[in-house]
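A.B. asks: Heads up: the sequence lines are chains A and B, in that order.
Residues in the first sequence are numbered from 1 upward in steps of one, following UniProt numbering.
Residues in the second sequence are numbered from 1 upward in steps of one, following UniProt numbering.
Structure provided below as structure tokens; questions to follow.
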Amino acid sequence: MRNEDLRSFAIRYGFIILLIGLSVYFSLAATGFFSARSAVFVFQSVAITGILALGVTCTLVVDGFDLSIGSVATSALMLSAYSMVVLEQPAYVAVLLCLVMGAVVGLVNGLLIVKMKVPDLLATLGMMFLLIGLQRIPTQGNSIATGMSLADGSTAEGTFSAAFLWLGRHRFDLVLERLVPVPVVIFLLVALAVWIFLEYTRHGRLMYAIGSNQRAAELVGANVHRYKIMAYVISGVTASIGGILLAARLGRGDIASGNNLLLDSVAAALIGFAVLGAARPNAFGTAIGALFVGILLQGMTMLNAPYYTQDFVKGAVLVCALVFTFYLSSKSSAARKA
Amino acid sequence: MTTTVLTIEGVRKSFGRNEVLKGIDLALNAGSVTVLMGANGAGKSTLVKAICGIHSVDAGDMNLGGASYAPATAAEALSQGVVAVHQNIDDGVIPDLDVATNLMLDQLTKADAKTFVRDRVLREQAKEIAKSMGLKMDVRVRVSDLGVADRQMIAIARAMAHSPKVLILDEPTSSLSASEADRLFALIDRLRDQGVAVLYISHRMSDIRRVANRIISMRDGQVSGVFEQDNLDYEGAVTAMLGHKMTEVNIVPKVSNAPVLQIENLSLKSNWPAFDLTANEGEVIAVTGLLGSGKSQLADIIFGLRKPASGTMKIDGKPYNPANASAAIDAGVFMSPKDRGNNAVVGAFNISDNMSLPFLRAFSHFSFINGRQQRRAATEMISQIGVVCQSEEDSIGTLSGGNQQKVMIGRWLLKPSRVLLLDEPFQGVDIGARRDIGRHIRETAAKRTTIVFVAEIDEAIEIADRIVVLNEGNIVGEHTNQNINLGALVAQITGEKAA
């Protein structure tokens, strides 16, 4: 019994304790780690990945998976650049176009999965490929920047508008001057919205029910198809938000950026399983998962660990978190049954 | 002279608190087909799994061909000559490979098998096997392109490659047509002549008449009847399986003439007969019948999960033709499905969330769930229906089967309904929980009509005002639940003419 208490405590709080311990260690070991600027930097480094991860979380909740988020984000990046630089549209048009694009991709993903019965991994993998290709076609595979030459020989005259760049670069004053960047605020707002949606609305509850036992959800009258499609639409829209913020930070339509977005965000969502012993996808866990990776990388960077060790560290964290989630919690549920 | 191949003595098996096998004795003879009958939850599949080494037994002895037999794994059982073909045919074949490879699969897995497969040799050997089993298909055809019957034959042929002493067939005809089943029976006859002891599990009376040398009925984890060669008493076997020992019931059947659900000229499947059924307010009807009698189809049709082949339904005089479950629920028709594990329980949720799942809208304001309201409704239902738990926030997985079922039934009693359908509400439920559920359903029955779908006669008699018997998609009998002529009831269930 003592042992079991200990284990359930470890499952519940282990990850949070690890997070705090890590922060304390870095604060002591790396000068400058324990400061508001440094904390904000951590948040900023994970804001975009985190937003994408919250979308994936929604698809994981309905027992699905969205591999296309990374390419939706880069498509949004290219689309916003294209609409401003080549089409010379104002910022709000660019943002709207991207959000609609994300929603449409999510809708198509959902329809492929629900109506065409394509398995989720395959449908979104196909969509990922399609988007990676599609975003290169209008610019013949080039990055987009003011002054680039177009296919008809003219040069692109449009610029990234100041309002659009504000989304990526402005910093709000909070105690310190120019402290909190806009993407961090948006990340926190999206996290709050997704958390409330999944935990406190009946729609979220039904989505969890679908993920746990689809047949049972169907037989209590839930519209399973609509909820599944909704999950992919949410995922598409959040991914396009991530893409917009990335474009606003970079200030150009860089074809090569955003390569790591998919893996990083999926990792954050999966690490989230381990937070508070939830053993299921959840918004709070996802946000913490993203922060965990951010803190670890920030601390290691300040301790002069070379940049090329980063992916290795992320992978190690992910594997540990998965062991936490699946091995320990399966043991504790076995103990409960016996 | 018959020789006994497998004897089982006093075998017991429990899962947690749930005792599934309560001391089974049985013997299988060479060259004889023993049919094992039993309702859902009687323990048939557990017994089969114990014999095949999938489950270990808690107590008792098994003896195979004179030697003690206690297989630890399925592979060990196989090597000693005990082979089972399970209900789900695709477990026994690999659909993406051709017939030859499927038939020779067990050769390929042998430790001394050659690394490179020579297709020509493989096909030759496979043809031999096919011929000896009377299979006529081309061995190069992919199994996924074959019909169900052929796949089944291949699964059995594979099993025969082990030259088994005991062959177990678990509901082999459940997905076969009549002519396909005939081919299977011919094969069984051949195996019987070769001296194999066959254990054949089925509910279908026509199958049983065709193949049985002996019938063993199981009920509630025990052998409830053994019927031998010269005196195969089918009705006796069914009675032993379904049970008829009068549990003391003090139901005074209500007679009501206020129709709620009217079913007219309904045919469950194309080419099945059409029938009428009227369910009245305040009445509890038990629809009973064997597996395949159309019980589940009827429940599904009323709940909008399938379309009838023909016929109409009315609720309170208004036409009722639900497109899906949610339309049915909107019309006040609720159903607690059978097989709660697959169809009802949301394993990730606690009791309160499981219970209120269909009615989350009613517990929400602007889509936000009012947790206090939801929990209050759940705790009230928990105490009414008597769920044994610490609190309404216990995970559903911590409850026993009977208590889980109470939660699933309570789910549909949270809000008033016009028609309440309960498909096998007592499946895997202990007697105490069964009483609680039955009592509660009868107590709350006044303002709706209730239709309970059960296979066991006992359960029907315990709960119903009126018992309706289905056989092969038709209503063949109706009884008011008072001084029922059990003989006639059983005869109708099995489709015999009343003697």
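C-beta atoms are modelled at their ideal positions from N, C-alpha and C, and glycine is treated no differently.
#1: Under the three-state reduction of DSSP, which class applies to Tyr82 of chain A: helix, strand or coil?
#2: In chain order, what residues of the same chain lie with their CB nearer than 7 Å to the CB of Ala155 of chain B, ignoring the 5 residues before and after it?
#3: Mind pulling the chain B residues with CB within less than 8 Å of Ser212 of chain A?
#4: Could you check whether the Cβ of Glu218 of chain A sits closer than 8 Å to any Cβ belonging to chain B?
#5: Which of helix, strand or coil does DSSP assign to Asn280 of chain B?
#6: Counting only C-beta atoms, is Asp5 of chain A closer than 8 Å to chain B at any point?
#7: Could you have a look at Gln262 of chain B and say whether DSSP puts it in helix, strand or coil?
#8: Can you list, in chain order, the residues of the region 350 to 375 of chain B whose Cβ is nearer than 7 Å to any Cβ on chain A?
#9: Ignore the nearest five residues each way along the sequence and tell me which others in Met246 of chain B's own chain have a CB closer than 7 Å to its CB.
#10: Mark Met116 of chain A as exposed unless 16 or more other C-beta atoms lie within 10 angstroms of its C-beta, in which case mark it buried.
#11: Is it right to say Gln135 of chain A is buried, meaning 16 or more other beta carbons lie within 10 angstroms of its own, or is it exposed?
#12: Beta-carbon within less than 7 Å of Leu270 of chain A's beta-carbon, same chain only, minus the 5 sequence neighbours each way: which residues are those?
#13: If we count the other Cβ atoms within 10 Å of its Cβ and call it buried at 16 or more, is Asp276 of chain B buried or exposed?
#14: How many Å lie between Ala335 of chain A and Val266 of chain A at the Cα?
#15: When you compare the CB of Met246 of chain B with every CB in chain A, is at least one pair closer than 8 Å?
#16: Phe303 of chain B: which of B:Arg190, B:Ser256 and B:Leu420 sits nearest, CA to CA?
#17: For Leu399 of chain B and Met355 of chain B, what's the separation of their Cα atoms in angstroms?
#18: Cutting at 8 Å between CB atoms, please list the residues of its own chain near Met128 of chain A, excluding the five before and the five after it.
#19: Can you look up Pro337 of chain B in the DSSP assignment and give me helix, strand or coil?
#20: Smallest Cα separation from Ala316 of chain A: which of A:Ile20, A:Leu165, A:Ala268 and A:Met302?
#21: Do Thr288 of chain B and Ile493 of chain B come within 8 Å of each other at the CB atom, strictly closer than that value?
#22: Starting from the beta carbon of His203 of chain A, find every residue of chain B whose beta carbon is closer than 7 Å, and list them in chain order.
#23: State the beta-bridge partners of Phe15 of chain B as determined by DSSP.
#24: Would you please state the rounded distance, in angstroms, between the beta carbons of Ile451 of chain B and Ile251 of chain B? I believe it to be under 8 Å.
#25: Kindly indicate which three-state DSSP category Gly50 of chain A falls into: helix, strand or coil?
#26: Got a sec? Which residues, its chain only, sit under 7 Å from Leu414 of chain B by beta carbon, not counting five neighbours each side?
#27: Return the residue from the list B:Ser336, B:Lys131 and B:Ser217 that minimises the CA-CA distance to Lys44 of chain B.
#28: Indicate whether Gly299 of chain A and Phe26 of chain A have their beta-carbon atoms separated by less than 8 Å.
#29: Counting only C-beta atoms, is Asn343 of chain B closer than 8 Å to chain A at any point?
#30: Between Ala157 of chain B and chain A, is any beta-carbon pair separated by less than 8 Å?
#31: In angstroms with no decimal places, state the Cα-to-Cα distance between Thr309 of chain A and Gly32 of chain A.
#32: Please report the straight-line C-alpha distance between Ala130 of chain B and Arg190 of chain B, rounded to a whole angstrom.
#33: Counting C-beta neighbours from all protein chains within 10 Å, is the total for Ile301 of chain B 16 or more, i.e. buried, or is it exposed?
#34: Kindly list the residues whose CB is nearer than 8 Å to the CB of Gly495 of chain B, restricted to its own chain and excluding five residues on each side of it in sequence; keep chain order.
#35: If you measure from the beta carbon of Asn282 of chain A to each beta carbon in chain B, is any gap under 8 Å?
C.D. replies: So, from the data block:
#1: Reading the first sequence from its first residue, position 82 is the one you call residue 82 of chain A. It is helical.
#2: As a working note, residue 155 of chain B is residue 155 in the second sequence. If we look at Ala155 of chain B and ignore the five residues flanking it on each side, its Cβ neighbours are Val85, Ile89, Gly92 and Val93.
#3: Translated into positions along the first sequence, residue 212 of chain A becomes position 212. Neighbours of Ser212 of chain A on chain B, chain order: Val346, Gly347, Ala348 and Phe349.
#4: In the first sequence, counting from the first residue as 1, residue 218 of chain A sits at position 218. Output row for Glu218 of chain A: interface = yes.
#5: Along the second sequence, read from residue 1 onward, the residue named residue 280 of chain B stands at position 280. If DSSP states are grouped into helix, strand and coil, Asn280 of chain B belongs with the strands.
#6: For this step, residue 5 of chain A is matched to residue 5 along the first sequence. With 8 Å as the cut-off, Asp5 of chain A does not count as an interface residue toward chain B.
#7: Here residue 262 of chain B refers to the residue found at position 262 of the second sequence. DSSP places Gln262 of chain B in strand when its eight states are reduced to three.
#8: Asp353, Leu357, Pro358, Leu360, Arg361, Ser364, Ser367, Phe368 and Ile369
#9: Numbered from 1 along the second sequence, position 246 holds the residue referred to as residue 246 of chain B. Low confidence applies here, because Met246 of chain B scores a pLDDT of 48, under 50, leaving its location unreliable; read the following figure in that light. Once the five neighbours on either side are set aside, Met246 of chain B has no close Cβ partner at all.
#10: By 1-based counting over the first sequence, the position of residue 116 of chain A is 116. By the 10 Å Cβ count, Met116 of chain A comes out exposed.
#11: Numbered from its first residue, the first sequence carries residue 135 of chain A at position 135. Flag for Gln135 of chain A reads buried.
#12: Along the first sequence, read from residue 1 onward, the residue named residue 270 of chain A stands at position 270. Taken in chain order, the residues that qualify are Leu318, Ala321 and Leu322.
#13: To locate residue 276 of chain B, count along the second sequence from 1; it is residue 276. With fewer than 16 Cβ atoms within 10 Å of its Cβ, Asp276 of chain B is classed as exposed.
#14: Taking the first residue of the first sequence as position 1, residue 335 of chain A is located at position 335. Taking the first residue of the first sequence as position 1, residue 266 of chain A is located at position 266. Per-residue confidence for Ala335 of chain A stands at a pLDDT of 46, beneath the threshold of 50, marking its modelled position as unreliable; the derived number appears in the next sentence. Distance between the alpha carbons of Ala335 of chain A and Val266 of chain A: 30 Å.
#15: Here residue 246 of chain B corresponds to residue number 246 of the second sequence, with the count starting at 1. Residue confidence for Met246 of chain B is low, a pLDDT of 48 falling below 50, so the modelled location carries little weight; the figure read from the coordinates is stated next. It does not: the Cβ of Met246 of chain B has no partner Cβ on chain A nearer than 8 Å.
#16: For this step, residue 303 of chain B is matched to residue 303 along the second sequence. Residue B:Leu420 is the option with its Cα nearest to Phe303 of chain B.
#17: Reading the second sequence from its first residue, position 399 is the one you call residue 399 of chain B. Reading the second sequence from its first residue, position 355 is the one you call residue 355 of chain B. If I take the Cα positions, the gap works out to 13 Å.
#18: Within the first sequence, residue 128 of chain A is the residue found at index 128, counting from 1. Around Met128 of chain A: Leu67, Ser68, Gly70, Ser71 and Leu262.
#19: Position 337 of the second sequence, counting from 1, holds the residue named residue 337 of chain B. Three-state DSSP puts Pro337 of chain B in coil, outside helix and strand.
#20: Here residue 316 of chain A is taken as the residue at index 316 of the first sequence, counted from 1. Of A:Ile20, A:Leu165, A:Ala268 and A:Met302, the residue nearest in Cα terms is A:Ala268.
#21: For the purposes of this step, residue 493 of chain B is taken as residue 493 along the second sequence, with counting starting at 1. For the purposes of this step, residue 288 of chain B is taken as residue 288 along the second sequence, with counting starting at 1. In contact: Ile493 of chain B and Thr288 of chain B (Cβ atoms closer than 8 Å).
#22: If you number the first sequence from 1, residue 203 of chain A lands on position 203. Correct list: Ser367.
#23: Here residue 15 of chain B refers to the residue found at position 15 of the second sequence. Phe15 of chain B pairs with B:Asn18.
#24: Indexing the second sequence from 1 puts residue 451 of chain B at position 451. Indexing the second sequence from 1 puts residue 251 of chain B at position 251. 16 Å between Cβ atoms; not a contact.
#25: As a first step, residue 50 of chain A is located in the first sequence; it is residue number 50 there, counting from the start. Helix.
#26: Here the question's residue 414 of chain B lines up with position 414 in the second sequence. Once the five neighbours on either side are set aside, the close Cβ partners of Leu414 of chain B are Met355, Ser356, Phe359, Ala377 and Met381.
#27: As a working mapping, residue 44 of chain B is identified with position 44 in the second sequence. It is B:Ser217 whose Cα lies nearest to the Cα of Lys44 of chain B.
#28: Translated into the one-based positions of the first sequence, residue 299 of chain A becomes position 299. Translated into the one-based positions of the first sequence, residue 26 of chain A becomes position 26. It is a contact, given that the beta carbons lie within the stated cut-off.
#29: Taking the second sequence and counting its residues from 1, the one referred to as residue 343 of chain B is at position 343. Output row for Asn343 of chain B: interface = yes.
#30: Position 157 of the second sequence, counted from the start, is the residue given in the question as residue 157 of chain B. Not closer than 8 Å to any Cβ of chain A, the Cβ of Ala157 of chain B fails to qualify, so no.
#31: Position 309 of the first sequence holds residue 309 of chain A. Position 32 of the first sequence holds residue 32 of chain A. Taking the straight line from one Cα to the other gives about 21 Å.
#32: Here residue 130 of chain B refers to the residue found at position 130 when the second sequence is read from its first residue. Here residue 190 of chain B refers to the residue found at position 190 when the second sequence is read from its first residue. So the alpha carbons of these two residues sit roughly 14 Å apart.
#33: Taking the first residue of the second sequence as position 1, residue 301 of chain B is located at position 301. Buried: at least 16 other Cβ atoms inside 10 Å.
#34: Within the second sequence, numbered from 1, the residue matching residue 495 of chain B stands at position 495. Closer than 8 Å at Cβ, skipping near neighbours: Met205, Asn471, Glu472 and Val476.
#35: Locating residue 282 of chain A in the first sequence gives position 282, counting from the first residue. It does not: the Cβ of Asn282 of chain A has no partner Cβ on chain B nearer than 8 Å.
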